[in-house]
Amino acid sequence: MKFPPLQPISNTEYYVNGDVTIHPGAAIAPGVLLQADPESQIIVGAGACIGMGAVLHAYQGVLEVGESANIGTGVLIVGKGKIGTNACIGSMTTIFNCSVESGQVLAPGTLLGDSSRPIEDQLPENVPEVVEPSNGQVAEPVSVNSAPAEVAEVTIEEPQAPEPVAKANNPVYGEESLNRLLSTLLPHRQALNRPLDNSPSSS
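Everything in the sequence shown is counted per my numbering, starting at 2 for the first residue and increasing by one.
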């Protein structure tokens, strides 16, 4: 299989808009979007590699991609920050207004810097707990902070195994006609479904 030769940066198909500085030693795949808003800047360092379909959008500051940093395919970086030297950003990662340390590796699909959905570390104080009995009946919710109640003795009946159903020897309609047809078409064929003869042979 022949691969197309590497093209110089001036011949690749990526989109640049705004104040964007790209080092000649950087590798940028086709389909990359480098967008710097007014009063913002993107700087791509030497040896940096930006994968296909990545979007870098500088907003309200400088977005810098350090030397030899690798940005995977489909990565979205919005805002300001720095991708450190030799950092590796996995594919389909999203980064909002934050930096990645030098040498740091981010797994594919990582989300960094999203403060729109804060995560609470504490559980609410009065969380009702639902206990499901094993017999399929719905139980009443029990509060975690309630006083201990007396425990009633519960007898659980084990389900009985179903009795094996004897196979009915139902006749198959047309079986005899089919066997005659097969013996006519294939005379040397031995019937595979013939019952075994258990009678002793007379010799």
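Every residue gets a Cβ at the ideal spot worked out from N, C-alpha and C, and that includes glycine.
In the DSSP assignment, find the unbroken beta strand (DSSP E) run with residue i in it and report its ends.
i: residue 186; result: That residue, residue 186, is in no beta strand (DSSP E); its alpha helix (DSSP H) goes 176-186.
i: residue 36; result: 34-37
i: residue 24; result: Taken as a continuous stretch (DSSP letters only), residue 24 belongs to no beta strand (DSSP E), as it is neither H nor E.
i: residue 18; result: 16-18
i: residue 40; result: It is not in any beta strand (DSSP E) - residue 40 carries neither H nor E in the DSSP assignment.
i: residue 61; result: 56-66
i: residue 86; result: Note, residue 86: premise wrong, no beta strand (DSSP E); not H, not E.
i: residue 95; result: 95-97
CB-CB under 6 Å to residue i, same chain, minus the five flanking residues each way: which ones, in chain order?
i: residue 70; result: 49, 84 and 88
i: residue 20; result: 37 and 42
i: residue 58; result: 36 and 79
i: residue 97; result: 79, 80, 114 and 115
i: residue 17; result: 35
Per DSSP, which one or two residues make a beta bridge with residue i?
i: residue 81; result: None; residue 81 has no bridge partner.
i: residue 71; result: 50 and 89
i: residue 173; result: In the DSSP output, where bridge partners are listed per residue, residue 173 has none listed.
Could you check if residue i is buried or exposed, using at least 16 other CB atoms within 10 Å of its CB as the buried criterion?
i: residue 176; result: exposed
i: residue 52; result: buried
i: residue 27; result: buried
i: residue 33; result: buried
i: residue 40; result: exposed
i: residue 82; result: buried
State the CB to CB distance for the pair residue i and residue j, rounded to an integer number of angstroms; the pair is presumed to be in contact (CB under 8 Å).
i: residue 75; j: residue 54; result: 5 Å
i: residue 91; j: residue 67; result: Not confirmed; about 17 Å, so no contact.
Take residue i and list the residues in its own chain whose beta-carbon comes closer than 8 Å to its own, dropping the five residues that flank it on each side.
i: residue 102; result: 85 and 88
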